[in-house]
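The sequence shown begins at 14 in the working numbering and counts up one residue at a time.
Note that CB positions come from ideal geometry on N, CA and C, so glycine has one too.
Following: one structure in structure tokens, then a few remarks.
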Amino acid sequence: MNLLFTAHSYPPDVSGVAAVVAAVAEGFASRGHSVHVATGTLPGSPVVEVRNGVTVHRFNLSGNAVSGIKGDTSPYREFAASAEWDVVAMNHAKIWVTDALLPEIQKIPAARVYMGHGLSALRNPSYQKYYQWFADRLTAFDRVFALSHKVEEVEFCRQNHLPSPVIVPNGVNLEEWSKPILSVREEWGVGSRPWIVNVSNHNPLKGHARLIAVADSLKSTLPALRTTIIGHSYPAAKWGLGRFGVRGGCWYRCRMASPFRNHMDLKPGVPRPKVVSAIKEADVVVMSSSWEASPIAILEAMAAGTPWVSFDVGCVSDHPGGIVVGSAREMTEAVRTLLSDPELRREMGRQASERIRAAHSWDALVTRYEEEFQRASDANPRRAVGALG
14 MNLLFTAHSY PPDVSGVAAV VAAVAEGFAS RGHSVHVATG TLPGSPVVEV
64 RNGVTVHRFN LSGNAVSGIK GDTSPYREFA ASAEWDVVAM NHAKIWVTDA
114 LLPEIQKIPA ARVYMGHGLS ALRNPSYQKY YQWFADRLTA FDRVFALSHK
164 VEEVEFCRQN HLPSPVIVPN GVNLEEWSKP ILSVREEWGV GSRPWIVNVS
214 NHNPLKGHAR LIAVADSLKS TLPALRTTII GHSYPAAKWG LGRFGVRGGC
264 WYRCRMASPF RNHMDLKPGV PRPKVVSAIK EADVVVMSSS WEASPIAILE
314 AMAAGTPWVS FDVGCVSDHP GGIVVGSARE MTEAVRTLLS DPELRREMGR
364 QASERIRAAH SWDALVTRYE EEFQRASDAN PRRAVGALG
């Protein structure tokens with residue numbers, strides 16, 4: 014099949030969406046499909062490049078249908094509407110890669126697939142009209158995918174009388190998690206001390222302020238504790254300040270908090286192998302986000318056999334190997350319990366590892382996507398019309 018994935022974030026950009034789309038796209042490419050990705054521009058990245066068998070096309074666009082899309086969308090829309098594609102798979106809502114195509118979705122002759130990553134602004138009054146419009150546009154799609162029965166797309170489709178989404182969860186690369194550790198504990202000066210790790214970029218939704226408060230509470234009874242946030246900052250969007258090197262999100266707040274806490278470290282720009290090793294070497298992975306759909310960091314903790322603690326966001330309650338909490342106080346006590354009980358940590362890690370191998374291998378999940386994409390392409394009535402024409 015000739016496939017086009019659209020995603021606002023793609024490697025070398027570092028984000029959950031980038032990681033998921035790259036895993037699926039590269040999985041298709043490894044099976045002999047012709048795979049292309051349309052995404053945004055990145056400083057230092059070429060307009061067109063091939064990454065791990067996937068041809069990446071970058072468009073200088075930003076924004077969404079509510080705030081306004083910045084840039085000329087015509088080349089992008091024409092590219093997506095090309096007759097060469099068997100399937101066009103759009104990732105994420107309320108972002109330019111999807112919103113620019115929705116007004117003229119009928120002009121795309123390929124099978125149209127929407128790959129959901131949660132609907133983060135569904136309850137935001139500013140987006141009510143947007144989601145009404147989005148529901149109407151979804152009627153023109155041949156498949157809608159969701160990451161779990163617990164993410165917003167499932168209820169959204171039900172309320173808007175749309176077909177139920179096909180459920181395909183997120184996954185991990187099992188080979189990546191089978192490699193030996195790199196002794197990051199020693200390199201970063203953690204040593205044998207209790208160590209909790211959070212892996213997330215400095216987006217306010219990631220709840221770093223709550224994580225810092227939890228770490229402060231734990232420090233009072235666990236003076237040797239170390240807490241590390243592994244994650245990138247990103248250019249500030251407001252007034253285009255990112256062009257001048259100004260960082261967005263909670264980066265400055267976290268930087269101001271860190272020097273006054275000898276138990277707190279920020280680690281931006283960590284190479285991927287060391288991120289993997291840090292998760293494997295940590296005692297507990299903590300997810301402090303106020304919103305997620307299907308957080309990759311939890312699946313990665315499970316793959317590492319490291320127990321996790323998280324607020325009840327997205328589909329985290331689907332997963333074994335961790336503790337779901339409802340408040341910062343509960344999170345503090347859950348982490349304290351795990352740090353004091355090595356046997357409990359080992360047992361939870363074992364359960365998580367078993368689930369990952371059984372249900373979250375990217376190789377098996379790409380097979381499920383491949384089957385659904387092929388069915389959508391084979392049943393595409395527009396393809397037959399195009400062939401006759």
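Inset, instruction - Could you pull out every residue in the same chain whose Cβ sits closer than 8 Å to the Cβ of Gly402, ignoring the five residues on either side in sequence? - result: Walking along the sequence shown from the start, residue 402 turns up at place 389. Note that Gly402 has pLDDT 35, beneath the 50 cutoff, so the model's placement of it is unreliable and the number below is only indicative. Cβ within range, chain order: n/a, list empty.
Inset, instruction - With a cut-off of 8 Å on the beta carbons, I'd call Thr19 and Thr152 a contact; round off their distance for me. - result: Counting from 1 along the sequence shown, the entry for residue 19 is found at position 6. Counting from 1 along the sequence shown, the entry for residue 152 is found at position 139. Not really, about 19 Å apart at Cβ, beyond 8 Å.
Legend entry - Which residues DSSP lists as bridging Ile108, in chain order: Within the sequence shown, numbered from 1, the residue matching residue 108 stands at position 95. Secondary-structure assignment with DSSP links Ile108 through no beta bridge to anything.
Legend entry - Unbroken alpha helix (DSSP H) run spanning Met344, endpoints: Translated into positions along the sequence shown, residue 344 becomes position 331. Note, Met344: alpha helix (DSSP H), Ala341 to Leu352.
Inset, instruction - Please confirm if the region 221 to 233 is in contact with the region 166 to 184, defined as three or more CB-CB distances below 8 Å between the two stretches. - result: no
Inset, instruction - Following the continuous alpha helix (DSSP H) through Ala371, name the residue where it begins and the one where it ends. - result: Within the sequence shown, the letter at position 358 stands for residue 371. Unbroken alpha helix (DSSP H) run through Ala371: Pro355 to Ala372.
Legend entry - Assigned exposure category for Ala106 - 16 Cβ within 10 Å defines buried: Position 93 of the sequence shown, counted from the start, is the residue given in the question as residue 106. When all chains shown are included, Ala106 counts as buried.
Legend entry - Beta carbon of Phe273 nearer than 8 Å to that of Ser302: In the sequence shown, counting from the first residue as 1, residue 273 sits at position 260. In the sequence shown, counting from the first residue as 1, residue 302 sits at position 289. For Phe273 and Ser302, no; Cβs fall outside 8 Å.
Legend entry - Opening and closing residue of the beta strand (DSSP E) in which Ala51 lies: Residue numbering aside, residue 51 sits at position 38 when the sequence shown is read from its first letter. Going by DSSP, Ala51 is part of the beta strand (DSSP E) stretching over Ser47 to Gly53.
Inset, instruction - Grab me the residues of Phe154's own chain with a C-beta within less than 6 Å of its C-beta, minus the 5 sequence neighbours each way, in chain order. - result: Within the sequence shown, the letter at position 141 stands for residue 154. Closer than 6 Å at Cβ, skipping near neighbours: Arg125 and Tyr127.
Inset, instruction - Compare the C-alpha of Ile336 against each of Ala316, Ile311 and Gly66 and name the closest. - result: Translated into positions along the sequence shown, residue 336 becomes position 323. Measuring from the Cα of Ile336, the nearest candidate turns out to be Ile311.
Legend entry - Rounded separation between Ala102 and Ala306 - CA only: The residue labelled residue 102 in the question sits at position 89 within the sequence shown. The residue labelled residue 306 in the question sits at position 293 within the sequence shown. Inter-residue distance for Ala102 and Ala306 is about 19 Å (C-alpha atoms, whole angstroms).
Inset, instruction - Would you decide whether Ser246 is buried or exposed? Buried here means 16 or more other CB atoms lie within 10 Å of its CB. - result: As a working note, residue 246 is residue 233 in the sequence shown. Ser246 is buried by the Cβ-count criterion.
Inset, instruction - With distances taken Cα to Cα, identify the nearest neighbour of Ala317 among Glu383, Gly362, Asn183 and Ser161. - result: Position 304 of the sequence shown, counted from the start, is the residue given in the question as residue 317. Comparing Cα positions, the closest option is Gly362.
Legend entry - Boundaries (first-last residue) of the alpha helix (DSSP H) holding Gly29: Within the sequence shown, the letter at position 16 stands for residue 29. Gly29 to Ser43 is the extent of the alpha helix (DSSP H) around Gly29.
Legend entry - Anticipated Cβ contact below 8 Å, Ile194 with Asp296, distance rounded: Here residue 194 refers to the residue found at position 181 of the sequence shown. Here residue 296 refers to the residue found at position 283 of the sequence shown. Ile194 to Asp296, Cβ: 14 Å. No contact.
Inset, instruction - Hey, could you find the ends of the beta strand (DSSP E) Leu17 is sitting in? - result: In the sequence shown, counting from the first residue as 1, residue 17 sits at position 4. Note, Leu17: beta strand (DSSP E), Asn15 to Thr19.
Inset, instruction - Would you kindly check if the distance between the Cβ of Asp99 and the Cβ of Ser390 is under 8 Å? - result: Sequence index remark: in the sequence shown, residue 390 carries index 377 (1-based). Sequence index remark: in the sequence shown, residue 99 carries index 86 (1-based). Yes; because the gap between Cβ atoms is below 8 Å, this pair is in contact.
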